[in-house]
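Visitor: Take this structure, written in structure tokens, and hold onto it; I'll ask about it next.
Protein chains: 2
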Amino acid sequence: MIKRKTGILFVISAPSGAGKSTLCKRLLSEVSGIEFSVSFTTRAPRSGEVHGRDYFFITREEFMAMVNRGDFLEYAEVHGNLYGTSKSFVEEKLRKGMDLILDIDVQGAKQVFSKMKECVGIFIFPPSIEELRKRLIKRGTDPEDVIEKRLKAARWEIAQSHMYHYWILNDDLEEAYQQLKGVVLAERAKRERMELTWNI
Amino acid sequence: MIKRKTGILFVISAPSGAGKSTLCKRLLSEVSGIEFSVSFTTRAPRSGEVHGRDYFFITREEFMAMVNRGDFLEYAEVHGNLYGTSKSFVEEKLRKGMDLILDIDVQGAKQVFSKMKECVGIFIFPPSIEELRKRLIKRGTDPEDVIEKRLKAARWEIAQSHMYHYWILNDDLEEAYQQLKGVVLAERAKRERMELTWNI
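Protein chains in written order, with my numbering: chain A, 402 to 601; chain B, 402 to 601.
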């Protein structure tokens with residue numbers, strides 16, 4: 402009687418340590434019809450990485466040809482390697498009715514928002530900067546100056562959060578997860594994403 | 402770090418037999434911070450009904466005075482009794498941060514939508530008119546001609562469903578419930594309903 406027209410692109414960002422990866426992994430394991438978007442990159446595959454599942458591994462020439470064709474929703478250079486999200490890859494998935502998660506930083510999200518008006522932005526907040534500091538110290542992977550750099554970045558990222566459609570506070574992990582799942586299910590139920598298919 | 406500004410008014414409608422009551426009751430028992438809106442009525446209280454919990458029981462004179470003051474978001478006369486939703490009751494609850502469910506027919510919803518721009522409309526669909534017919538026959542409370550009248554009303558109500566923000570198909574009860582809960586949690590997480598309260 403009613404059915405969805407296409408898949409939805411969810412763009413999810415958060416300061417480092419806010420718990421985004423945990424939340425996204427659980428979402429993908431519990432909710433069907435949603436996948437991670439697969440990025441294109443010029444870096445070499447690491448052991449165990451599969452072309453087309455983890456990344457599409459391409460040469461710098463191929464990457465630049467895609468840039469010139471305007472195929473990237475967003476791209477960036479990180480430590481000398483190029484990473485990008487292909488518009489045609491995303492659109493093909495959405496056309497088939499698959500929802501996608503784009504786990505991406507604030508800079509990349511800005512590019513995507515300007516090119517895909519119908520995408521859904523979700524920003525995940527840590528409970529506080531103080532709590533974020535504690536989490537990063539507890540994680541034990543970063544020296545103190547790197548932690549301070551991450552906190553400075555977090556403040557800047559939070560100041561950009563107005564670009565996103567939804568704000569989720571990851572204070573209680575279970576509550577934050579229920580909200581994230583709720584956003585996905587609610588967006589699927591939006592009238593403008595559906596059509597009436599009478600079968601009386 | 403972030404907090405919601407006010408409560409949200411959810412306006413929920415469905416054709417008779419679509420399962421709205423079951424879904425709403427479960428929602429209220431499992432999700433905190435949301436209540437049924439309490440209507441005003443001129444009919445006499447039935448045994449066990451409590452003033453202020455089930456209804457606000459008032460006289461026809463009091464009701465008409467509220468109508469004249471423009472206090473009703475919607476009102477209607479049913480079998481000689483007046484029923485209405487008070488705007489000041491709703492606004493006071495929302496101001497305190499409570500979310501409200503208004504379980505109401507399509508005619509009433511139309512009045513509410515025109516007066517409360519920030520409310521959220523949810524329409525619940527039965528799987529099909531044929532399935533609705535089966536459910537109404539199985540329920541065994543209505544004679545055949547009443548069932549046909551309800552089905553005719555259902556077709557008309559479904560044709561009005563474009564007024565609502567969300568469409569939920571109640572084909573599988575568990576899935577429909579997860580979607581309804583999802584809409585409530587997602588609406589709470591919408592950026593425009595939140596404010597940043599820095600505590601760095």
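Backbone N, C-alpha and C fix where the C-beta goes; we use that ideal spot for every residue, glycine too.
State the Cα-Cα distance for the pair B/G481 and B/M465, rounded to the nearest angstrom.
Guide: One-based indexing of the second sequence puts residue 481 of chain B at position 80. One-based indexing of the second sequence puts residue 465 of chain B at position 64. So the two alpha carbons sit approximately 14 angstroms from each other.
Visitor: By the 10 Å Cβ neighbour count, where 16 or more other Cβ atoms means buried, how is B/I601 classified, buried or exposed?
Guide: Taking the first residue of the second sequence as position 1, residue 601 of chain B is located at position 200. With a pLDDT of only 49 at B/I601, under the threshold of 50, the placement of this residue in the model should not be trusted; the figure read from the coordinates follows. Exposed, because fewer than 16 other Cβ atoms sit within 10 Å of the Cβ of B/I601.
Visitor: Taking only beta-carbon positions, decide if B/I559 is within less than 9 angstroms of chain A.
Guide: Working through the second sequence from its first residue, we reach residue 559 of chain B at position 158. Cβ-Cβ to chain A under 9 angstroms: yes for B/I559.
Visitor: Any contact between the stretch 557-567 of chain B and the stretch 510-527 of chain B? By contact I mean 3 or more CB pairs, one from each, below 8 angstroms.
Guide: yes
Visitor: Considering only the alpha carbon of each residue, which of A/L586, A/V513, A/R534, A/V547 lies closest to A/G471?
Guide: Numbered from its first residue, the first sequence carries residue 471 of chain A at position 70. Taking only the C-alpha atoms, the option nearest A/G471 is A/V513.
Visitor: Any residues in the stretch 573-598 of chain B with a beta carbon nearer than 8 angstroms to a beta carbon of chain A? Which ones, in chain order?
Guide: Result list: Q579, Q580, K582, G583, V584, V585, L586, A587, E588, R589, A590, K591, R592, M595, L597.
Visitor: Quick one: grab the DSSP three-state call for B/A415.
Guide: Residue 415 of chain B sits at position 14 when you count from the first residue of the second sequence. Coil at B/A415, not helix or strand.
Visitor: For A/I601, would you say it is in contact with chain B, using Cβ-to-Cβ distances shorter than 9 angstroms as the test?
Guide: Residue numbering aside, residue 601 of chain A sits at position 200 when the first sequence is read from its first letter. No answer about A/I601 holds up, because its pLDDT of 49 lies below 50 and its placement is not dependable.
Visitor: Taking 9 angstroms as the cut-off, decide whether the C-beta atoms of A/I435 and A/M499 are in contact.
Guide: To locate residue 435 of chain A, count along the first sequence from 1; it is residue 34. To locate residue 499 of chain A, count along the first sequence from 1; it is residue 98. Yes, the Cβ-Cβ distance between A/I435 and A/M499 is below 9 angstroms.
Visitor: What is the DSSP secondary structure of B/K497, counted as helix, strand or coil?
Guide: To locate residue 497 of chain B, count along the second sequence from 1; it is residue 96. Note: B/K497 maps to coil in three-state DSSP.
Visitor: Taking A/L537 as the query, report the chain B residues whose CB atoms sit under 7 angstroms from its CB, ordered along the chain.
Guide: Taking the first sequence and counting its residues from 1, one reaches residue 537 of chain A at position 136. Going along chain B, no residue has its Cβ under 7 angstroms from A/L537, so there is no contact; the nearest lies around 15 angstroms.
Visitor: Does the distance from the CB of B/F490 to the CB of B/F437 come in under 9 angstroms?
Guide: Taking the second sequence and counting its residues from 1, one reaches residue 490 of chain B at position 89. Taking the second sequence and counting its residues from 1, one reaches residue 437 of chain B at position 36. Not in contact: B/F490 and B/F437 (Cβ atoms no closer than 9 angstroms).
Visitor: Can you give the beta carbon distance from B/I409 to B/E588, rounded, assuming they're within the 8 angstroms contact cut?
Guide: Here residue 409 of chain B refers to the residue found at position 8 of the second sequence. Here residue 588 of chain B refers to the residue found at position 187 of the second sequence. With a Cβ gap of about 5 angstroms, B/I409 and B/E588 count as contacting.
Visitor: Is there contact here, the stretch 538-556 of chain B with the stretch 414-421 of chain B, by at least three beta-carbon pairs under 8 angstroms?
Guide: Note that the stretch 538-556 of chain B touches the stretch 414-421 of chain B; at least 3 beta-carbon pairs, one per stretch, sit closer than 8 angstroms.
Visitor: Helix or strand or just coil, what does DSSP make of B/N469?
Guide: As a working note, residue 469 of chain B is residue 68 in the second sequence. It is helical.
Visitor: Alpha carbon to alpha carbon, how far is B/M595 from A/L533? Give it in angstroms, no decimals.
Guide: Residue numbering aside, residue 533 of chain A sits at position 132 when the first sequence is read from its first letter. Residue numbering aside, residue 595 of chain B sits at position 194 when the second sequence is read from its first letter. Near 21 angstroms, if we compare the C-alpha coordinates of B/M595 and A/L533.
Visitor: Taking the alpha helix (DSSP H) that B/S487 belongs to, which residues open and close that run?
Guide: Sequence index remark: in the second sequence, residue 487 of chain B carries index 86 (1-based). Here B/S487 belongs to no alpha helix (DSSP H); instead the beta strand (DSSP E) covers 482-487.
Visitor: If you draw a straight line from the C-alpha of A/I530 to the C-alpha of A/R540, how long is it?
Guide: The count along the first sequence starts at 1 and reaches residue 530 of chain A at position 129. The count along the first sequence starts at 1 and reaches residue 540 of chain A at position 139. A direct Cα-to-Cα measurement between A/I530 and A/R540 gives close to 15 angstroms.
Visitor: Would you kindly report the start and end of the unbroken alpha helix (DSSP H) that includes B/Y578?
Guide: Position 177 of the second sequence holds residue 578 of chain B. From DSSP, the alpha helix (DSSP H) with B/Y578 extends over 574-589.
Visitor: Please tell me whether A/M402 has its Cβ less than 9 angstroms away from any Cβ of chain B.
Guide: Residue 402 of chain A sits at position 1 when you count from the first residue of the first sequence. True, the Cβ-Cβ gap to chain B drops below 9 angstroms.
Visitor: Is B/E545 helix, strand or coil when you go by DSSP?
Guide: Residue 545 of chain B sits at position 144 when you count from the first residue of the second sequence. Three-state DSSP puts B/E545 in a helix.
Visitor: When you compare each of A/V584, A/A560, A/R427, A/T423 to A/F411 by their alpha carbons, which one comes out closest?
Guide: Here residue 411 of chain A is taken as the residue at index 10 of the first sequence, counted from 1. Out of A/V584, A/A560, A/R427, A/T423, A/V584 has the C-alpha closest to the C-alpha of A/F411.
Visitor: Could you tell me which of A/R496, A/A445, A/D506 sits nearest to A/E475, measuring between CA atoms?
Guide: Stepping through the first sequence from its first residue, residue 475 of chain A is reached at position 74. Out of A/R496, A/A445, A/D506, A/D506 has the C-alpha closest to the C-alpha of A/E475.
Visitor: Is A/L410 close to chain B? Criterion is C-beta to C-beta, closer than 9 angstroms.
Guide: In the first sequence, counting from the first residue as 1, residue 410 of chain A sits at position 9. Taking Cβ atoms only, chain B never reaches closer than 9 angstroms to A/L410, which makes this a no.
Visitor: Is the beta carbon of A/L586 less than 9 angstroms from the beta carbon of B/K421?
Guide: Position 185 of the first sequence holds residue 586 of chain A. Position 20 of the second sequence holds residue 421 of chain B. No, the Cβ-Cβ distance between A/L586 and B/K421 is not below 9 angstroms.
Visitor: What would DSSP say about B/Y477, mapped onto helix, strand or coil?
Guide: In the second sequence, the residue the question calls residue 477 of chain B occupies position 76. Note that residue 477 of chain B is Ala in the sequence shown, not Tyr. B/A477 falls in the strand class under three-state DSSP.
Visitor: Just to confirm the assignment, what range does the alpha helix (DSSP H) spanning A/K539 have?
Guide: As a working mapping, residue 539 of chain A is identified with position 138 in the first sequence. That run of the alpha helix (DSSP H) goes 530-540.
Visitor: Could you tell me whether any Cβ in chain B is nearer than 9 angstroms to the Cβ of A/Y567?
Guide: Your numbering for residue 567 of chain A matches position 166 in the first sequence. True, the Cβ-Cβ gap to chain B drops below 9 angstroms.
Visitor: Report all residues from its chain with a CB closer than 6 angstroms to the CB of B/R461; omit the five preceding and five following residues, and keep chain order.
Guide: Taking the second sequence and counting its residues from 1, one reaches residue 461 of chain B at position 60. The residues are T443.
Visitor: Less than 9 angstroms between the C-beta atoms of B/A510 and B/L501, yes or no?
Guide: For the purposes of this step, residue 510 of chain B is taken as the residue at position 109 of the second sequence. For the purposes of this step, residue 501 of chain B is taken as the residue at position 100 of the second sequence. The answer is no: Cβ separation not under 9 angstroms.
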